[in-house]
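The structure under discussion appears below in the form of structure tokens.
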């Protein structure tokens, strides 16, 4: 991870498990093929982050 | 047809096209499907991109309709004999999740570049070992979504 960050001159951000990533992918894209799809609201994203345990300041979507 | 109705229908058509073919429809294809001039579809694409429902190439064609990528990436998604490109591991797994199918992501480890496959079997990860690194915080993703 450090090698990647050094190579791309990027800070070490957040690391999640593959299992968390799979759960995130399922929730995020569950409705994408529906005609009436709309972007998630900030409140819905906050709730999803809580559910997945993304509680550090890195995940804060409010500027 | 109102602007919001055609926007929804074009977005839906793009996704159906990606699902069937693994590729993005061109502006020309889309215009033919909706029996309207390409310039009108170009305006729809622009509105969808403004609403972050699409990412466009500099020539106005689709680059991303998340989770799909219109161009080859390091995240190939395979279900049987069908394949798609995902924009990142989130999106690659998102394609399997969205299609509700078992399959696999053929990729490489982000830090060492060793070959890596992530398989979904019976709706679950076949091997849960591994992690995902997010370098960019979510509130900055859309400053450069292609890099993020």
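Residue numbers (the numbering used here), protein chains in the order written: chain A, 6 to 68; chain B, 109 to 256.
Even for Gly, the Cβ is constructed at its ideal location relative to N, Cα and C.
Three-state secondary structure (DSSP) of residue i
i	result
residue 206(B)	helix
residue 192(B)	strand
residue 161(B)	coil
residue 124(B)	helix
residue 186(B)	strand
residue 151(B)	helix
residue 257(B)	Because chain B in this structure spans residues 109 to 256, residue 257(B) falls outside the shown range and cannot be described.
residue 214(B)	strand
residue 3(A)	Nothing can be reported for residue 3(A): it is not among the residues displayed for chain A, which extend from 6 to 68.
residue 50(A)	helix
residue 21(A)	strand
residue 8(A)	helix
residue 112(B)	helix
residue 227(B)	strand
residue 138(B)	helix
residue 40(A)	coil
residue 31(A)	helix
Beta-carbon proximity check, residue i vs residue j, cutoff 8 Å
i	j	result
residue 109(B)	residue 34(A)	no
residue 123(B)	residue 37(A)	yes
residue 115(B)	residue 164(B)	no
residue 23(A)	residue 239(B)	yes
residue 210(B)	residue 230(B)	yes
residue 168(B)	residue 135(B)	yes
residue 13(A)	residue 246(B)	no
residue 198(B)	residue 126(B)	no
residue 9(A)	residue 144(B)	no
Short CB-CB distance (under 8 Å) between residue i and chain B
i	result
residue 65(A)	yes
residue 55(A)	no
residue 35(A)	yes
residue 52(A)	no
residue 58(A)	no
Cutoff 8 Å: residue i Cβ touching any chain A Cβ
i	result
residue 219(B)	yes
residue 239(B)	yes
residue 171(B)	no
residue 243(B)	yes
residue 236(B)	yes
residue 226(B)	yes
residue 211(B)	no
residue 153(B)	no
residue 251(B)	no
residue 109(B)	no
Inter-residue CB distance, residue i and residue j (contact presumed, cutoff 8 Å)
i	j	result
residue 70(A)	residue 243(B)	Nothing about residue 70(A) can be reported from this structure: the residues present for chain A run from 6 to 68 only.
residue 233(B)	residue 27(A)	5 Å
residue 177(B)	residue 195(B)	5 Å
residue 119(B)	residue 250(B)	The pair is not a contact, with the Cβ atoms about 18 Å apart (cut-off 8 Å).
residue 182(B)	residue 132(B)	Contact flag wrong, Cβ pair sits at about 18 Å.
residue 201(B)	residue 226(B)	7 Å
residue 137(B)	residue 20(A)	40 Å between Cβ atoms; not a contact.
residue 186(B)	residue 214(B)	6 Å
residue 67(A)	residue 47(A)	7 Å
residue 121(B)	residue 141(B)	6 Å
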